[in-house]
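J.: Below is a structure I'd like to ask you about.
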Amino acid sequence: MNSFNNALILVNLYYMLLYCTVRCTSMSDHKAWEMLPSGDCGIGRKPVRITNGKEADLGQFPWIARLGYEDGQAIKFKCGGTLLNKWYVITAAHCLKENEEKLKVIRLGENVENEELCDKAACSLPVQDIPVASIMIHAEYNTITSKNDIGLIALRKSANYTGNFFMLQLPRRPRLRDPPGGTSAFDSQRPSTTYGQSQHP
């Protein structure tokens, strides 16, 4: 199996939203929330607790997107992001800043590069490669300290949700401020997931 790093930035996004919860007068009334789903928060097809690194199951993290960059005549996938809705992917600003002109495509629905995956229930469906329309990097992103390391990618056409992937559903108040007992945060990279450890692509 080919191994590649695709860091999920859920922790960065969570802290950005937590900051807004504390500093904004009424985050829940902000018009941008209308663009995001409002159902259960971040539930994959097979939610499990991961420790000490483990290969992710098919469909376990269906919101992960891969960022494809032009490299001569080929496209190489070097970074990852999170599908927020049919039109937007959130990622780390460092994935955009240095390669802004070369980012060409977002790939959805791929667990392991160039390989069809099957589990006991099903096999993965074909991936979707969607061209990038535009990107936005946090205005106060600092390349030295990595503060505000967050960016947004607009897709040129909407994602067609399949059994392979769908968007991440973010927590709303009061769950954003007071998550239920026993809640854990973790990041993931393809094809493995790691609890309590951060890796950059």
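Positions -24 to -1, 1 to 177 (mature numbering (1 follows the signal peptide of the UniProt record, and there is no 0)) are the ones given, in order, by the sequence shown.
Note that beta-carbon positions come from the ideal geometry of N, C-alpha and C, so glycine has one too.
Could you tell me which of 55, 40, 41 and 122 sits nearest to residue 78, measuring between CA atoms?
T.: If we check each option's Cα against that of residue 78, 55 comes out closest.
J.: Cβ atoms of residue 130 and residue 64: under 8 Å apart, would you say?
T.: Yes, the Cβ-Cβ distance between residue 64 and residue 130 is below 8 Å.
J.: I need the DSSP call for residue 133, collapsed to helix, strand or coil.
T.: Of the three classes helix, strand and coil, the one that applies to residue 133 here is coil, per DSSP.
J.: Would residue 84 and residue 108 qualify as a contact pair, given that the criterion is a beta-carbon distance under 8 Å?
T.: In this structure, residue 108 does not lie closer than 8 Å to residue 84 by Cβ.
J.: Take residue 119 and list the residues in its own chain whose beta-carbon comes closer than 8 Å to its own, dropping the five residues that flank it on each side.
T.: Only 70 and 73 meet the Cβ criterion.
J.: Using CA coordinates, which residue listed in 106, 60 and 138 is at the minimum distance from residue 128?
T.: Among 106, 60 and 138, the Cα nearest to that of residue 128 belongs to 60.
J.: To the nearest angstrom, how far is the alpha carbon of residue 43 from that of residue 121?
T.: Cα to Cα, residue 43 sits roughly 23 Å from residue 121.
J.: Assuming residue 72 is part of the beta strand (DSSP E), what are its boundary residues?
T.: Premise fails: residue 72 lies in the alpha helix (DSSP H), 70 to 73, not in any beta strand (DSSP E).
J.: Have a look at 112, 80 and 137 and flag the residue whose alpha-carbon is nearest the alpha-carbon of residue 51.
T.: Among 112, 80 and 137, the Cα nearest to that of residue 51 belongs to 80.
J.: Please classify residue 58: does DSSP put it in a helix, a strand, or coil?
T.: Strand.
J.: Would you check if the distance between the CB atom of residue 115 and the CB atom of residue 82 is smaller than 8 Å?
T.: No. Outside cutoff.
J.: Does DSSP put residue 103 in a helix, in a strand, or in coil?
T.: In the structure shown, residue 103 sits in coil (DSSP, three-state: anything other than H, G, I, E or B).
J.: Could you check if residue 134 is buried or exposed, using at least 16 other CB atoms within 10 Å of its CB as the buried criterion?
T.: It counts as exposed.
J.: May I have the straight-line CA-CA distance separating residue 138 from residue 124, to the nearest angstrom?
T.: Their backbone Cα atoms lie some 32 Å apart in a straight line.
J.: Do residue 106 and residue 66 come within 8 Å of each other at the CB atom, strictly closer than that value?
T.: Not a contact, by the Cβ cut-off of 8 Å.
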